[in-house]
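Asker: If you scroll down you'll find the structure; I have some questions about it.
2 protein chains.
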Amino acid sequence: MENSSADDGTPSGCGATAEPAATARCGRSGAQSCDRCRVRAVSVCACLDQDDLEALDALSERASFEAKQTLFIQGDEADAVYNVTCGTLRLYKLLTEGRRQIVGFLLPGDFVGLSLSERYGYSADAIDDVAACRFDREAFIAFVERKPHLLRRLHEAATHELTIAQDHMVLLGRRSAEEKVAAFLVTLRRRLTRLGASAVTIPLPMTRLDMADHLGLTLETVSRVISKLARQKVVLMVPGGLRIMDPARLERLGEG
Amino acid sequence: MENSSADDGTPSGCGATAEPAATARCGRSGAQSCDRCRVRAVSVCACLDQDDLEALDALSERASFEAKQTLFIQGDEADAVYNVTCGTLRLYKLLTEGRRQIVGFLLPGDFVGLSLSERYGYSADAIDDVAACRFDREAFIAFVERKPHLLRRLHEAATHELTIAQDHMVLLGRRSAEEKVAAFLVTLRRRLTRLGASAVTIPLPMTRLDMADHLGLTLETVSRVISKLARQKVVLMVPGGLRIMDPARLERLGEG
DNA sequence: CCGCGACTTTGACGCAGATCAAACCGGCCG
DNA sequence: CGGCCGGTTTGATCTGCGTCAAAGTCGCGG
């Protein structure tokens, strides 16, 4: 599998610069120290000073997963926590008859395993190629116990996740299909912008089915809504993603 | 409304023993120290030793709210956090055209304001009469900074909430009306049992509309599903609540 | 005791989105 | 180049739940 050249001027390695063309690749460059980490500023590690950072670095190892690979499944013994540095993960829960709810998509800078609990509460797989810092859970907890500052940061991250989850409840419980899809695109765009991507074109590495399972819809409905948005020139369909033609309009569609 | 005699041996006052007959009352007994607090064992305070508990006690004041009273609304400056000792709260978000999503019901022992952030992320009102410990937010944060143990506990509580939120996403996104109502009753029953209530009869202080706005349904649908469960003798409708006649069956209906 | 208001139940009907089905598209491998 | 495969689009039809409407219940205040 190739991973060297990107199809535009954007730096090609993995990291915070999610690429417009949605073809971001994760470098396999092996170990790389924290201070040149592209997602440090937006990650939980941002609260650590140089010394602590080195100590944490010593605990970490680089892990990479290829597209479709499963990191863990719900109920597994949680032996590791991760900090995503590149690529996209889906976190989901399954129930009978193949029903699935994707509780979130994780982007570079996001942390997996905030709860620090003994078992994973959801399953996770890589959507495209993913790179992450891996920490042994026990070791990470021991480290956190000695750094209240980091614990405070983890708590902030967890309550931020909680807020996002509650907003998503509103979406799932009380919004129409069109509002759901528009709101999804708007939030994704905001997250990418925050990561430093240009975000006029949003990469969508996940399938229509993934989006549907996140939004409480079917893949056909998602497809229809996107087609409609394209017909109305709110977005333009491009391979691997969408170009946002009328952000203001999209935003209006996304809110109640 | 009477509040003295329960229909079984359960003590009737306010606190952890949510009453079968759903007529629980919050005493107006004013200040009451932590060590005789009925919800301490299940609250975040459970992690504190005698000294710390007294220090925290000094920061707290007793607050009470009567049914339908609003504690705060989304976006308000968050000047206080609360620990519920009695009664039921609804936490919700509003959007246009009167649409509402109730993100959760809070019972005795639950904490309001886990995020410690500057503004409330949702609105809260009392469903029945509610009593709570009130802490000035700034003071509480300062206290937490000095007690990593308590921070750790708050973090656990927050991630527990997050798990609950994710489970609720599954419910909202991927379950039928009947499954939603059944699952709601099952979870509520579990929470009440944990609080020490007998839980053969579940009190439902909230209206059908409240339930509907929690489950992503209309009040008519909730009513129809409950009628159906009653027709099938899975539950029995009693004033102010439901008597669970066939818990196993209900549980089966509630899962996928 | 009556009447009012808040909530609930029940019925008839309609529609947003699910389901079923088929064609389409682009990438990959032989 | 051609056929396959995973994913997407689009159309036709179906249905679970929403909407609209009306009657029923209960507690409360006059």
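Residue numbers (our numbering), protein chains in the order written: chain A, -9 to 246; chain B, -9 to 246. All C-beta atoms, glycine included, are put in the ideal place defined by N, C-alpha and C.
Under 7 angstroms, CB to CB, which of the residues in the region 158 to 170 of chain A have a partner in chain B?
Answerer: Per Cβ criterion, the list reads H158, M159, V160, L162, G163 and R164.
Asker: Between E87 (chain A) and chain B, is there a C-beta pair that is closer than 8 angstroms?
Answerer: So, interface residue.
Asker: Could you compute how far the alpha carbon of E128 (chain A) sits from the alpha carbon of V32 (chain B)?
Answerer: Each residue's alpha carbon lies about 26 angstroms from the other.
Asker: Return the CA-CA distance between L84 (chain B) and L199 (chain B), expressed in angstroms with no decimal places.
Answerer: Approximately 14 angstroms between the Cα atoms of the pair.
Asker: What whole-angstrom Cβ distance do D118 (chain B) and A70 (chain B) have, given they're in contact under 8 angstroms?
Answerer: So it is not a contact: roughly 20 angstroms between Cβ atoms.
Asker: Look up A53 (chain A) in the DSSP assignment and give the residues it is bridged to.
Answerer: DSSP lists A:A122 as partners of A53 (chain A).
Asker: Enumerate in chain order the residues of its own chain whose CB-to-CB distance from T78 (chain B) is below 8 angstroms, with the five nearest sequence positions on each side excluded.
Answerer: Closer than 8 angstroms at the Cβ level, and outside the excluded window around T78 (chain B), lie F95, L96, L97, A116, I117, D118, V120, P195 and M196.
Asker: Assign T13 (chain B) to one of two classes, buried (16 or more other C-beta atoms within 10 Å of its C-beta) or exposed (fewer than that).
Answerer: With a pLDDT of 37 at T13 (chain B), under the threshold of 50, the modelled position of that residue is not reliable, and no figure is offered here.
Asker: In whole angstroms, give me the CA-to-CA distance for C27 (chain A) and R143 (chain A).
Answerer: Answer to the nearest angstrom: the Cα atoms are 18 angstroms apart.
Asker: With 9 angstroms as the limit, tell me which residues of the region 62 to 75 of chain A have their beta carbon closer than that to any beta carbon of chain B; keep them in chain order.
Answerer: Those residues of the region 62 to 75 of chain A that come within reach of chain B (Cβ to Cβ, closer than 9 angstroms) do not exist; the list is empty.
Asker: Under a CB-based cut-off of 8 angstroms, is V34 (chain B) close to chain A?
Answerer: By this cut-off, V34 (chain B) is not an interface position.
Asker: Along the alpha helix (DSSP H) that carries R221 (chain B), what are the first and last residues, could you check?
Answerer: Start and end: L209 to R221.
Asker: Who are K83 (chain B)'s beta bridge partners in DSSP?
Answerer: Its beta-bridge partners are B:Q91.
Asker: For S113 (chain A), decide whether its Cβ has a neighbour in chain B, counting only Cβ atoms nearer than 8 angstroms.
Answerer: No, because no Cβ of chain B sits closer than 8 angstroms to the Cβ of S113 (chain A).
Asker: Assign D115 (chain A) to one of three DSSP states: helix, strand, or coil.
Answerer: Reduced to three states, the DSSP call for D115 (chain A) is strand.
Asker: Counting only C-beta atoms, is T153 (chain A) closer than 8 angstroms to chain B at any point?
Answerer: Yes, its Cβ sits closer than 8 angstroms to a Cβ of chain B.
Asker: Check whether the region 152 to 172 of chain B and the region 204 to 214 of chain B touch, using three or more Cβ-Cβ pairs below 8 angstroms as the test.
Answerer: Yes: the two stretches touch, three or more of their Cβ pairs being nearer than 8 angstroms.
Asker: I131 (chain A) by DSSP, collapsed to three states: which one?
Answerer: I131 (chain A) falls in the helix class under three-state DSSP.
Asker: Can you list, in chain order, the residues of the region 91 to 103 of chain B whose Cβ is nearer than 9 angstroms to any Cβ on chain A?
Answerer: Taking 9 angstroms as the Cβ-Cβ cut-off against chain A, the residues of the region 91 to 103 of chain B that qualify are Q91, I92, V93 and G94.
Asker: Is the beta carbon of H139 (chain B) closer than 8 angstroms to that of C37 (chain B)?
Answerer: Yes, they are a contact pair.
Asker: Kindly list, in the order they appear in chain B, the residues whose Cβ is closer than 9 angstroms to that of A238 (chain A).
Answerer: Within 9 angstroms Cβ-Cβ: nothing; A238 (chain A) doesn't reach chain B, min ~17 angstroms.
Asker: Any Cβ of chain B within less than 8 angstroms of the Cβ of S261 (chain A)?
Answerer: With chain A covering only -9 through 246, there is no way to say anything about residue 261 (chain A).
Asker: So, for R30 (chain A): in the same chain, excluding its five sequence neighbours on each side, which residues have a beta-carbon less than 7 angstroms away from its beta-carbon?
Answerer: Only C24 and A36 meet the Cβ criterion.
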